[in-house]
Structures are given as C-alpha cells and as structure tokens.
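Asker: Sharing a structure here in structure tokens format.
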Amino acid sequence: MIRIAIRWLIAFVLLAATFNPTDYNWVRWSLTNFGEQLPMIVLSGLILLIGYIIFLRATLRSIGAFGMFLVLAVVAALLWVLYDYGWLSLENQNLNQWLAIVALSFVLGVGLSWSHIRRSISGQTDMDDVDE
C-alpha cells in the first residue's frame, strides 16, 4: 500500500509542478521568465517530459487507454456523488483545478501501480513481476 501511495504522490507532484492554480508552477514560471531563463526552462521542461513519458507509458501498458478512461470515470462519478449530496461545491475555480490534478494523478498512480494492485487482489503475478 505504501508503494501505491508513493507512486500516486509522485504523479501528483509531477502534475502540480507542471500546472496548479498558484503562481508556483512550471507553466507560469516559464511564461514569466522566458527571455531571461530559457536554458533552465528547456532543461526543466525536458525533465518534466521524461516524468510524463515514464508515467504515461507505464499506465498505457498496464491498463491501456480504456482503463485510464474507466479510472477517470470512477473518479468523476465520485465527484458527482459528492456534489449531488452537497458535500462538494464547484464554485471555487482553484478547487476545481486541484480536483482535476488529484483525479489525473490518481489515474497515473493507478496505472503505474496496477500490477501491484492486481496481484494483491487476485494473488496472481505478471510475467514482469517474476523477479520481485
């Protein structure tokens, strides 16, 4: 369970570092400092891109595009239930952006951890997991 939480947290940090409603994110920093810090913007952008490639490739290999859609649909349905029962208000645009970051990080975290989740549920291992 700790491995899954760590993978989700890394996905959350990756997404939040790229964009979030505060002024502390790569998109706003790069737009503000484009003229003065272009080499650092390119370097940090490539590092973020590598993180996205790792997460997206692993997620697509483990659960596929349809699985990503299903996980996102479950998260969206959960938010709908919370909104329908009045436990969640969607008036705050910053909160909506954070909810989107959490939802997308959950999809990436589940995708990266799917082999561990499936193994704990079913007791079966993947061919990739034989070494563990």
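Take any residue in the sequence shown, note its place counting from 1, add 26, and you have its number in this note's numbering.
No residue lacks a Cβ here, since even glycine has one placed at the ideal position from N, Cα and C.
What is the rounded straight-line gap between the Cα of I143 and the Cα of L108?
Answerer: The straight-line gap from Cα to Cα measures roughly 25 Å.
Asker: Whether or not the stretch 97-104 and the stretch 56-65 are in contact is what I'm after, with contact meaning three or more pairs of Cβ atoms, one per stretch, closer than 8 Å; do they touch?
Answerer: No: the two stretches stay apart, fewer than three of their Cβ pairs being nearer than 8 Å.
Asker: Answer with buried or exposed for L138, where buried requires no fewer than 16 other C-beta atoms within 10 angstroms of its C-beta.
Answerer: L138 is buried by the Cβ-count criterion.
Asker: Tell me the DSSP secondary structure of N118 in three-state form.
Answerer: Note: N118 maps to coil in three-state DSSP.
Asker: Applying the criterion that 16 or more other CB atoms from any shown protein chain within 10 Å of the CB defines a buried residue, is L75 buried or exposed?
Answerer: The residue in question, L75, is exposed, as its Cβ has fewer than 16 Cβ neighbours within 10 Å.
Asker: First and last residue of the alpha helix (DSSP H) that includes P65?
Answerer: Taken as a continuous stretch (DSSP letters only), the alpha helix (DSSP H) holding P65 covers L64 to S88.
Asker: Could you check if T44 belongs to the surroundings of the ligand NAP, using beta carbon to heavy atom distance under 7 Å?
Answerer: Because no ligand of any kind appears in the structure shown, any question about the ligand NAP cannot be addressed here.
Asker: Closer than 7 Å by C-beta to V53: which residues in its own chain qualify, once you throw out the five before and the five after it? Chain order, please.
Answerer: Closer than 7 Å at Cβ, skipping near neighbours: T44 and F45.
Asker: By a C-beta neighbour count over all protein chains shown, 10 Å radius and 16 as the cutoff for buried, is I127 buried or exposed?
Answerer: I127 should be labelled buried.
Asker: With H, G and I counted as helix, E and B as strand and the rest as coil, what does DSSP make of W124?
Answerer: The answer is helix: DSSP assigns W124 an H, G or I state.
Asker: Could you tell me the boundaries of the alpha helix (DSSP H) in which F38 lies?
Answerer: First-last of the alpha helix (DSSP H) with F38: I28 to T44.
Asker: By the DSSP assignment, the alpha helix (DSSP H) with T48 in it spans what residues?
Answerer: Here T48 belongs to no alpha helix (DSSP H), and DSSP marks it neither H nor E.
Asker: Which residue from Y78, S70 and L35 puts its Cα closest to that of N51?
Answerer: Answer by Cα proximity: S70.
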